[in-house]
Amino acid sequence: MLDYLARRLVGTIPVLLAVSAFSFLFVHLLPGDPARLVAGPDATPADVEAVRQAMGLDKPLIVQYLHYLYDLAHLNLGRSIKTQQTVAELIGQRFMPTFWLTVVSMAWSLVVGVALGVLSGVKRGRWQDQGSMVLAISGLSFPNFWLGLLLIDLFSVRLGWLPTGGYSGWRSLIMPSFTLGVAVAAVMARFTRSAFVEVTAEDYVRTARAKGLREHVVVWKHTLRNALIPVITLAGLQFGFLLGGAIVVETVFAWPGLGRLLVDSVSYRDYPVIQAEILLFSFEFVMINLVVDLLYAVVNPEIRLR
Amino acid sequence: MSGSAAGTVSLRSPAAEFWRRFRRQHIAVAAGVVLLLLILAAIAAPLIAPYGPAAPDYNNVLAGPSWAHPFGTDAFGRDILSRIIWGGRISLSVGFISVALGGLAGVVLGLISGYFGGYVDSVIMRVMDVLLAFPGILLAIGVVALLGPGITNVVYAIAVFSTPVFARLVRGSTLALKRTVYVQASRSIGVRTFPLLVRHILPGTLPGVIVYLSLRVGTSILTAAALSFIGLGAQPPSPEWGAMLADGRGYLGVADHIMVFPGLAIFITVLAFNLLGDGLRDALDQRLRSW
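Structural data, given as structure tokens:
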């Protein structure tokens, strides 16, 4: 296991370098002069020149990249054009709201999604199965921003039970995390069902039944445990999907997280912030994939030996 | 299970067999009919929409549903029903064009990757893996951040993140088809690489591609609407459904119909594509089922 862990960790290094190179090149891929963009629309030519010198844009690309890596290591990500705060500070403020939003959404949608999927798999063809699958495909097709607006309309504007948005205690978390989790719960339910159905057809399940084991032992011990292996991988991938969805949901609920910061920065063309956010999101993905792979190796010993 | 007597061999062509299985999936057929109607309505928008998409009626501002305006009017007195019909042109074409572009790129890359293998294959597939690992909307925002907001750039962005799904799918079927007797035979009689790929391998990969086209169009419409909703896609006067929903945000509790009907339009369209895709997949091949 340790050997696998080491190999996997070493394997992420080139990916992280590629990610950093991409976020570094981002500013250079933009149409126009990056110094001019960073200096802002009202800058004089002298200001632009000063920024060019300060950013080292007059040096060769590879030197600039090494500087960029050095700055990254020291969490020196520049300043926001819009607020003049340092980007590190800005991201620090926005990190926790997004963290809570995604973790709570993930938690409920995993539990509900897997439960619906197992229910469907066990009661295949019956009304419980059909009901769950109708719910799942609707959840998959429901625009999350519309769901958010409908919830605000009902529970905040009409009934006055919950705040319309903002980040203030657990009550403000209910609607955003529900909205964000629906699609994930739907995907998990569909996938769990098909994994469950596939395992049910395996010889060892038939053997378990044939030797007279009781139904709940067959379901919980023989079927579910094996069906859950691919489910773990998908759950990890859904984390990435959730981070993407958070961008939209945070906008609906005026949630002061990283997603809304990204949308605002794109609208304002606040490039230092966009650059840092792209790096941060990509970094999170690489890390999530790493954790998923490790989890997978824990549940499935076969992987470790490869 | 089939109606034919035991011992007889099915002489139906694969297409006829597929059609027979698809027809039995009533929900998917119904979804297909709904989509056809939506597409026809979008094409016939100038004929069937009661008003123009931007025609204001200042005597009827924020009016609820009525005989004159079945879905009500917005803050400028524009007829919501007409805007939804006109907006269908935008949402549906964004969905189709972006997925067609992504699908085309994916099919080409998948064919090359699967047929030639080796170094080319590794490079293409690594890049596809990286693209696949990112959530579509984040990639799309990255593209929009580079190219600027607007519906055309949203189409490119969605095309980019649709590509890897098709590349993987086509690569898989190409690998399998490469080993079939008829492809081996064609190669042995000297059919050149390009005609071999296009004439003999490509058709075999198409069924899977068609299923994913349907499923991806739904996702793409959803993503495009989301981007317009957060202000990065279609811009305000446009009757794009996501942009209309964003308009309705300011009138919650005052004029709910502004956001209810465009949302319903998105939901029904995406649901229909998903149901159709599920039905096509089930009719086509049991092995594709796990997704």
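Those protein sequence lines, which keep their order, are chains A and B.
Using the working numbering, you'd call the opening residue of the first sequence number 1 and step up by one each time.
Using the working numbering, you'd call the opening residue of the second sequence number 1001 and step up by one each time.
Ideal Cβ placement from N, Cα and C applies to all residues, glycine included.
Under a criterion of Cβ atoms nearer than 8 Å, the residues of chain B adjacent to A:THR251 are, in order, PHE1229, ILE1230. Using beta-carbon distances, A:LEU173 does not count as an interface residue toward chain B, since no partner is under 8 Å. Exposed is the label assigned to A:MET96, since fewer than 16 other Cβ atoms lie within 10 Å of its Cβ. In this structure, DSSP gives A:THR83 a state outside helix and strand, which the three-state scheme calls coil. For A:SER156, the CB contacts under 7 Å within the same chain, skipping 5 residues up- and downstream, are LEU162, PRO163, THR164 in chain order. At a C-beta separation below 9 Å, B:ASP1247 has no neighbours in chain A, since its nearest C-beta there lies roughly 11 Å away. Contacts with chain A (Cβ-Cβ distance below 7 Å) from the region 1254 to 1266 of chain B involve ASP1256, MET1259, GLY1263, ILE1266, listed in chain order.
Of the other Cβ atoms in all chains shown, fewer than 16 fall within 10 Å of the Cβ of A:ILE13; this residue is therefore exposed. A:PHE24 is outside the set of residues whose beta carbon lies under 8 Å from a beta carbon in chain B. Against chain B, the beta carbon of A:TRP220 has no neighbour under 9 Å; the closest one sits roughly 22 Å away. Restricted to the region 80 to 119 of chain A, not a single beta strand (DSSP E) segment is unbroken, complete and at least 3 residues in length. For B:ALA1246, the enclosing alpha helix (DSSP H) has its first and last residue at 1241 to 1248. DSSP places B:GLY1263 inside the alpha helix (DSSP H), whose first and last residues are 1257 to 1284. For the pair B:ILE1268 and A:VAL187, the Cα-to-Cα distance works out to about 18 Å. Interface annotation, B:GLY1218: in contact with chain A, CB-CB separation under 8 Å. For the region 146 to 171 of chain A, the set of positions with a beta-carbon nearer than 9 Å to some beta-carbon of chain B reads TRP146, LEU147, LEU149, LEU150, ILE152, ASP153, SER156, VAL157, ARG158, THR164 in chain order. Proximity of A:ILE62 to chain B, defined by a Cβ-Cβ separation below 8 Å, is not satisfied. Between B:PHE1022 and chain A, the shortest Cβ-Cβ separation is not below 8 Å.
B:LEU1275 counts as buried, since no fewer than 16 other beta carbons sit within 10 angstroms of its beta carbon. Between A:VAL266 and chain B, the shortest Cβ-Cβ separation is below 8 Å. Collapsing the DSSP output to three states places A:ASP153 in a helix. If only complete runs of 4 or more residues are kept, the region 1167 to 1197 of chain B shows the alpha helix (DSSP H) at 1181 to 1188, in order along the chain. Pairing A:ALA35 with A:LEU57 gives a Cβ-Cβ distance under 8 Å. Per the DSSP secondary-structure output, B:THR1073 pairs in a beta bridge with B:ASP1079. A:ALA235 is the residue among A:MET1, A:ALA235, A:TRP127, A:GLY40 whose C-alpha sits nearest the C-alpha of A:VAL111. In chain order, VAL1107, GLY1110, LEU1111, LEU1169, VAL1170, SER1173, THR1174, LEU1177 place their CB closer than 8 Å to the CB of B:THR1205, counting only its own chain and leaving out the 5 sequence neighbours on each side. The distance from the Cβ of B:PRO1164 to that of B:LEU1132 is about 4 Å, consistent with a contact at the 8 Å cut-off. DSSP places A:THR164 outside both helix and strand once states are collapsed to three, so it counts as coil.
In this model, B:SER1188 and B:LEU1245 are separated by some 59 Å (Cα to Cα). In the three-state reduction of the DSSP assignment, B:VAL1120 falls in the helix class. Linking A:ILE81 to A:LEU280 through their CA atoms gives a straight-line distance of about 18 Å.
Taking 8 Å as the cut-off, the Cβ atoms of B:GLU1240 and B:ILE1151 count as close.
Within chain A, the residues ILE278 have their CB atoms less than 7 Å from the CB of B:GLY1142, given in chain order. Judged by beta-carbon spacing, A:VAL118 lies within the 8 Å limit of A:THR192, meaning their Cβ atoms are closer than that value. Residue state for B:SER1098 is assigned as helix, using DSSP reduced to three classes. For the region 206 to 287 of chain A, the full-length alpha helix (DSSP H) segments reaching 4 residues or more read 225 to 252, 258 to 268 along the chain.
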